[in-house]
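Visitor:
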Amino acid sequence: MSRFILRRLISAAGVLLAISVLTFLIFQAIPNGDPALRLGGRLATPSELANIRHEYGFDQPIYVQYVDTMEKIFNGTVVSYTQGINIDEQIRRVLPATLSLALGAGFIWLFLGILFGVLTAITAGRWLDRVLTILALVGISFPVFFLAALVLYYLGFKAGIIPLSGYVPLTEDPWGWFTHLIAPWLVLSVLFIGLYSRVLRSSILDTLGEDYVRTARAKGLSERRVLIVHVLRNSLIPIISLWGLDFAQVIGGGAILTESVFNLHGVGQFAAESIGRLDIPSVLVIVLLTAFAVVLLGAIVDILYAVLDPRIRLSS
Amino acid sequence: MATDPVIRGPAGELSGVISSEPAAVEGQVPPGLGPYQLAWRRLRRNRVALAFGALFVVIVVLCLLAPLYAKDVAHTTLAANHITEKIEVGGKSKEVVSLVGIPIGPTWHSRFLLGADKDGRDIAVRLLYGGRNSLEIGALATFITVILGVLLGTLAGYFGGLLDAILSRGFDVIWAYPPVILGIALGAVLNIDGITIGPIELQAGSLVIPIAIVGIVYIPYVAKPIRGLVLGLRQREFVDAARQQGLSHTRIMFGEILPNLASMIIVFLPLILANAILLEAALSYLGAGIQPPNPSWGTMISEGIREIPAAIHLTLVPGIMLLLTVLGINVFGDGVRDALDPRAKIRIGRR
Numbered sequence: 067m068s069r070f071i072l073r074r075l076i077s078a079a080g081v082l083l084a085i086s087v088l089t090f091l092i093f094q095a096i097p098n099g100d101p102a103l104r105l106g107g108r109l110a111t112p113s114e115l116a117n118i119r120h121e122y123g124f125d126q127p128i129y130v131q132y133v134d135t136m137e138k139i140f141n142g143t144v145v146s147y148t149q150g151i152n153i154d155e156q157i158r159r160v161l162p163a164t165l166s167l168a169l170g171a172g173f174i175w176l177f178l179g180i181l182f183g184v185l186t187a188i189t190a191g192r193w194l195d196r197v198l199t200i201l202a203l204v205g206i207s208f209p210v211f212f213l214a215a216l217v218l219y220y221l222g223f224k225a226g227i228i229p230l231s232g233y234v235p236l237t238e239d240p241w242g243w244f245t246h247l248i249a250p251w252l253v254l255s256v257l258f259i260g261l262y263s264r265v266l267r268s269s270i271l272d273t274l275g276e277d278y279v280r281t282a283r284a285k286g287l288s289e290r291r292v293l294i295v296h297v298l299r300n301s302l303i304p305i306i307s308l309w310g311l312d313f314a315q316v317i318g319g320g321a322i323l324t325e326s327v328f329n330l331h332g333v334g335q336f337a338a339e340s341i342g343r344l345d346i347p348s349v350l351v352i353v354l355l356t357a358f359a360v361v362l363l364g365a366i367v368d369i370l371y372a373v374l375d376p377r378i379r380l381s382s
Numbered sequence: 295m296a297t298d299p300v301i302r303g304p305a306g307e308l309s310g311v312i313s314s315e316p317a318a319v320e321g322q323v324p325p326g327l328g329p330y331q332l333a334w335r336r337l338r339r340n341r342v343a344l345a346f347g348a349l350f351v352v353i354v355v356l357c358l359l360a361p362l363y364a365k366d367v368a369h370t371t372l373a374a375n376h377i378t379e380k381i382e383v384g385g386k387s388k389e390v391v392s393l394v395g396i397p398i399g400p401t402w403h404s405r406f407l408l409g410a411d412k413d414g415r416d417i418a419v420r421l422l423y424g425g426r427n428s429l430e431i432g433a434l435a436t437f438i439t440v441i442l443g444v445l446l447g448t449l450a451g452y453f454g455g456l457l458d459a460i461l462s463r464g465f466d467v468i469w470a471y472p473p474v475i476l477g478i479a480l481g482a483v484l485n486i487d488g489i490t491i492g493p494i495e496l497q498a499g500s501l502v503i504p505i506a507i508v509g510i511v512y513i514p515y516v517a518k519p520i521r522g523l524v525l526g527l528r529q530r531e532f533v534d535a536a537r538q539q540g541l542s543h544t545r546i547m548f549g550e551i552l553p554n555l556a557s558m559i560i561v562f563l564p565l566i567l568a569n570a571i572l573l574e575a576a577l578s579y580l581g582a583g584i585q586p587p588n589p590s591w592g593t594m595i596s597e598g599i600r601e602i603p604a605a606i607h608l609t610l611v612p613g614i615m616l617l618l619t620v621l622g623i624n625v626f627g628d629g630v631r632d633a634l635d636p637r638a639k640i641r642i643g644r645r
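From first to last, the protein sequence lines are chains A and B.
Numbering-wise, the working numbering comes out as the position in the first sequence, counting from 1, plus 66.
Numbering-wise, the working numbering comes out as the position in the second sequence, counting from 1, plus 294.
#1: Could you please give me the residues that DSSP links to residue 373 of chain B through a beta bridge?
#2: Inspect the beta-carbon positions of residue 620 of chain B and residue 582 of chain B and report whether they are closer than 8 Å.
#3: Verify the CB distance criterion: does residue 575 of chain B have a CB-CB separation below 8 Å to chain A?
#4: For chain B, find out if any of its Cβ atoms is closer than 8 Å to the Cβ of residue 371 of chain A; answer yes or no.
#5: Looking at the structure shown, is residue 231 of chain A part of a helix, part of a strand, or coil, going by DSSP?
#6: Using the DSSP secondary-structure output, state which residues sit across from residue 152 of chain A in a beta bridge.
#7: Quick check: residue 577 of chain B and residue 454 of chain B, are their CB atoms within less than 8 Å of each other?
#8: Within 10 angstroms of its Cβ, does residue 316 of chain B collect 16 or more other Cβ (buried), or is it exposed?
#9: Does the count of Cβ pairs from the segment 623-635 of chain B and the segment 542-562 of chain B closer than 8 Å reach three?
#10: Using C-beta distances below 7 Å, list every residue in its chain close to residue 318 of chain B, excluding the 5 sequence neighbours before and after it, in chain order.
#11: Which residue from B:364, B:594, B:590, B:464 puts its Cα closest to that of residue 88 of chain A?
#12: Using a Cβ-Cβ distance cut-off of 8 Å, determine whether residue 320 of chain B contacts chain A.
#13: Check residue 207 of chain A in the structure and name its three-state DSSP category.
#14: Under 8 Å, do residue 595 of chain B and residue 350 of chain B count as touching if we go by C-beta distance?
#15: According to DSSP, is residue 345 of chain A helix, strand or coil?
#16: Quick check on residue 387 of chain B: does DSSP put it in helix, strand or coil?
#17: Suppose the cutoff is 6 Å on Cβ atoms and the five residues either side in sequence are ignored; what does the same chain contact list for residue 313 of chain B look like?
#18: Could you pull the DSSP bridge partners for residue 381 of chain B from this structure?
#19: Would you report the Cα separation of residue 320 of chain B and residue 338 of chain B, rounded to the nearest angstrom?
#20: From residue 604 of chain B to residue 259 of chain A, what does the alpha carbon distance come to, in whole angstroms?
#21: Going by DSSP in three states, residue 411 of chain B sits in which element: helix, strand or coil?
#22: Evaluate residue 415 of chain B with the Cβ neighbour count: other Cβ atoms within 10 Å of its Cβ, from every protein chain shown; 16 or more gives buried, anything less gives exposed.
#23: Between B:469, B:549, B:341, B:361, which lies nearest to residue 356 of chain A when the distance is taken from Cα to Cα?
#24: Go to residue 425 of chain B, then tell me how far its alpha helix (DSSP H) extends in each direction, as first and last residue.
#25: Report the residues of the segment 188-211 of chain A with a CB closer than 9 Å to any CB of chain B, ordered along the chain.
#26: Among A:303, A:101, A:248, A:203, whose alpha-carbon lies nearest the alpha-carbon of residue 116 of chain A?
#27: Here's the rule I'm using: 16 or more other beta-carbon atoms within 10 Å means buried, otherwise exposed. How should residue 566 of chain B be labelled?
#28: Could you tell me the distance, in whole angstroms, from the CA atom of residue 226 of chain A to the CA atom of residue 112 of chain A?
#29: I'd like the ranges of any beta strand (DSSP E) spanning at least 3 consecutive residues and lying wholly in the segment 262-328 of chain A.
#30: So is residue 141 of chain A buried or exposed if we call it buried at 16+ other beta carbons inside 10 Å?
#31: Would you decide whether residue 246 of chain A is buried or exposed? Buried here means 16 or more other CB atoms lie within 10 Å of its CB.
#32: Run through chain A and tell me which residues come within less than 9 Å of residue 509 of chain B, C-beta to C-beta.
#33: CB-CB under 8 Å to residue 316 of chain A, same chain, minus the five flanking residues each way: which ones, in chain order?
#34: Go ahead and pull the three-state DSSP assignment for residue 329 of chain B.
#35: Where are the alpha helix (DSSP H) runs, 4 residues long or more, that stay fully inside the segment 479-558 of chain B, in chain order?
#36: Hey, could you find the ends of the alpha helix (DSSP H) residue 77 of chain A is sitting in?
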């Protein structure tokens, strides 16, 4: 078991390294992406540009630049090329909003996704299944920024039920934190609830046909016990791995659309701004944060599987 | 009740299931029909899926007719603004854009059917032209994604070894980025000054840029499952037989393995198309896709959200159109999947 965990963590570190190198190279290879040009402004003379290049180390070989930047990122001293601000502080400013969004929405979509998935599976082919299936497809098809705009207009401007925008830190005003986040939580959850309920439905229906389920029934176990202990435990596996990836992507700025309509000033908005300025260090930090979350949650999910299911442990 | 036994088709992978669908579930099926004919029969009976498929086709046709609509119905062009004009609505004369800058809402008449935007342009006309862009990008991006996804997934799964390791890590890297963030990054890179790769020269604002971005982002979502399927097929007897006959790798991949991927590819097509259209809209909304004044549903929603709460129709019109289009594709695609893979539509206890 410990060998499995070790191997999984080493491969996770490898993916992280590959992602950081690739991101760095992509932003180096951008035509006209020379950061000295943007630091110096349009009127900079060649000698000024040369100074900037020397000062920031852009005249160094590319691998030296990469190692330098990574070192600064891990020291927490990395500074934005275009803003001159410490990126660590920036991230600390935007991360609470995104974490709050991810935790609340992640809980809601996991809970409701499983609930609707189980409901549609046990009523498969009947009207409740049909209604919920159509609803799930509508949820999957709804452009999230359009849904967010509708909620903001009808519940915010018209009905006045929800505050119009912004993020209130939990430590300042817990109730304000909750009321400002409830709409973004629900809006962000809609897509995932639809997706998860569909995946879980077909996963449960597949599992119901397995021999061991027939055996469990033949032993005279109650249907509830068969469903919860024997079927659901196995059917939840794909859901857990989806949840790990989706949750991690939201932390890494994947909820940018929800964040920007509700103006939460989260990681996603920071990412979009940094990308727009071609600010390599900021982009690298955000990408590493995302990749770290994705890889870490992926590893945790895999290890969880291995704990639950010895076949996975042995085969890999 | 859920306590009843489950009827299900015999186990097997996606391709094998279709031909061995038991006649008992679907009534009397004449012998000798191929798997796709059977799937077509099942799809034909699914009225909901067909209706939504038809909805999508109607939207596509309407968008293709955009120039005709603009000229003969709305009497305007894509870019023409009527900001200072007045029109007759129900006997009253109304300004297209009021003095405080609020555009007129839907008139439900031939001119400004769905209202105007704040430059006095006809929303219905922009909606149809924008739809052409959104649908064109979606379709071409889907084409790129599916071709490259199937090709790379098949290569990785068939050859294994080092090639598989490299390609799979590549998929992992793309996979680790949230699609929208990756899209903006590519958009920022390509949209600054355009890009020149050998003989291909892309202008900033060219439609090719969003097509390429959306096409790249979803490649792993196709390539990974295809790779998994090929890994299984590679071990099968018919591939061994082909190898024994001395067929080349290329012929085995295209002649023996590819036909077995067909139903998975068919299931993927609508899924990728729907997601490509949504991603393009999201990128345009964020300013990393289609560049104004070129319309697309995403840019129209983005312009509309800025006018909330004064003129909600600017958001509603393109938003509902986008929703209907994607919903049409998704419901139809769901029907196609059910038709191709009857196991997915298991009925409980209805013998």
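For each residue, glycine too, the CB sits at the ideal point set by N, CA and C.
Guide: The structure says:
#1: Within the second sequence, numbered from 1, the residue matching residue 373 of chain B stands at position 79. DSSP output for residue 373 of chain B lists no bridge partner at all.
#2: Reading the second sequence from its first residue, position 326 is the one you call residue 620 of chain B. Reading the second sequence from its first residue, position 288 is the one you call residue 582 of chain B. No.
#3: Residue 575 of chain B sits at position 281 when you count from the first residue of the second sequence. So yes, residue 575 of chain B belongs to the interface.
#4: Within the first sequence, residue 371 of chain A is the residue found at index 305, counting from 1. Residue 371 of chain A is outside the set of residues whose beta carbon lies under 8 Å from a beta carbon in chain B.
#5: As a working mapping, residue 231 of chain A is identified with position 165 in the first sequence. Reduced to three states, the DSSP call for residue 231 of chain A is coil.
#6: Working through the first sequence from its first residue, we reach residue 152 of chain A at position 86. According to DSSP, which records beta bridges pairwise, residue 152 of chain A is partnered with A:145.
#7: On the second sequence, residue 577 of chain B is found 283 positions in, with the first residue counted as 1. On the second sequence, residue 454 of chain B is found 160 positions in, with the first residue counted as 1. Not a contact, by the Cβ cut-off of 8 Å.
#8: Numbered from its first residue, the second sequence carries residue 316 of chain B at position 22. Legend: pLDDT at residue 316 of chain B = 42, less than 50; position of this residue unreliable, no value from coordinates given.
#9: Touching, yes.
#10: Within the second sequence, residue 318 of chain B is the residue found at index 24, counting from 1. The predicted position of residue 318 of chain B is uncertain, since its pLDDT is 45 and thus under 50; a value taken from the coordinates is nonetheless stated next. Nothing listed; no residue qualifies.
#11: Translated into positions along the first sequence, residue 88 of chain A becomes position 22. Looking from the CA of residue 88 of chain A, the closest CA among B:364, B:594, B:590, B:464 belongs to B:464.
#12: Taking the second sequence and counting its residues from 1, the one referred to as residue 320 of chain B is at position 26. Caution is warranted here: a pLDDT of 48 is assigned to residue 320 of chain B, below 50, making its placement in the model unreliable, and the coordinate value is therefore given only provisionally. Output row for residue 320 of chain B: interface = no.
#13: Start at 1 with the first residue of the first sequence, and residue 207 of chain A comes out as number 141. Reduced to three states, the DSSP call for residue 207 of chain A is helix.
#14: Counted from its first residue, the second sequence places residue 595 of chain B at position 301. Counted from its first residue, the second sequence places residue 350 of chain B at position 56. The answer is no: Cβ separation not under 8 Å.
#15: The residue labelled residue 345 of chain A in the question sits at position 279 within the first sequence. In this structure, residue 345 of chain A counts as coil in the three-state DSSP scheme.
#16: Along the second sequence, one-based indexing puts residue 387 of chain B at 93. Three-state DSSP puts residue 387 of chain B in a strand.
#17: The residue you call residue 313 of chain B lines up with position 19 of the second sequence. Confidence at residue 313 of chain B is low in this model, with a pLDDT of 36, below 50, so its placement is unreliable and the value that follows should be read with caution. 329, listed in sequence order.
#18: On the second sequence, residue 381 of chain B is found 87 positions in, with the first residue counted as 1. B:388, per the DSSP bridge assignment.
#19: Residue numbering aside, residue 320 of chain B sits at position 26 when the second sequence is read from its first letter. Residue numbering aside, residue 338 of chain B sits at position 44 when the second sequence is read from its first letter. Per-residue confidence for residue 320 of chain B stands at a pLDDT of 48, beneath the threshold of 50, marking its modelled position as unreliable; no derived number is given.
#20: Position 310 of the second sequence, counted from the start, is the residue given in the question as residue 604 of chain B. Position 193 of the first sequence, counted from the start, is the residue given in the question as residue 259 of chain A. Cα-Cα distance, rounded: 32 Å.
#21: Residue numbering aside, residue 411 of chain B sits at position 117 when the second sequence is read from its first letter. In the structure shown, residue 411 of chain B sits in coil (DSSP, three-state: anything other than H, G, I, E or B).
#22: Start at 1 with the first residue of the second sequence, and residue 415 of chain B comes out as number 121. Looking at its Cβ environment, which holds 16 or more other Cβ atoms inside 10 Å, residue 415 of chain B is buried.
#23: Mapped onto the first sequence, residue 356 of chain A falls at position 290. The shortest Cα separation from residue 356 of chain A among B:469, B:549, B:341, B:361 belongs to B:469.
#24: Position 131 of the second sequence, counted from the first residue, corresponds to residue 425 of chain B. Segment 417-453, the alpha helix (DSSP H) holding residue 425 of chain B.
#25: 188, 189, 190, 191, 192, 196, 199, 200, 203, 204, 206, 207, 208, 209, 210, 211
#26: For this step, residue 116 of chain A is matched to residue 50 along the first sequence. Of A:303, A:101, A:248, A:203, the residue nearest in Cα terms is A:101.
#27: Position 272 of the second sequence holds residue 566 of chain B. Buried is the call here.
#28: The sequence position of residue 226 of chain A within the first sequence is 160, counting from 1. The sequence position of residue 112 of chain A within the first sequence is 46, counting from 1. Distance between the alpha carbons of residue 226 of chain A and residue 112 of chain A is about 57 Å.
#29: If only uninterrupted beta strand (DSSP E) runs of at least 3 residues are considered, none is enclosed by the segment 262-328 of chain A.
#30: The count along the first sequence starts at 1 and reaches residue 141 of chain A at position 75. Answer is exposed; the Cβ neighbour count stays below 16.
#31: Position 180 of the first sequence holds residue 246 of chain A. Residue 246 of chain A comes out buried.
#32: For the purposes of this step, residue 509 of chain B is taken as the residue at position 215 of the second sequence. Those within 9 Å of residue 509 of chain B in chain A number zero; the least Cβ separation is about 17 Å.
#33: As a first step, residue 316 of chain A must be located in the first sequence, where it is residue number 250. Closer than 8 Å at Cβ, skipping near neighbours: 164, 167, 168, 171, 172, 254.
#34: Position 35 of the second sequence, counting from 1, holds the residue named residue 329 of chain B. Here residue 329 of chain B sits in helix by DSSP.
#35: 502-511, 513-528, 531-538
#36: Here the question's residue 77 of chain A lines up with position 11 in the first sequence. That run of the alpha helix (DSSP H) goes 68-94.
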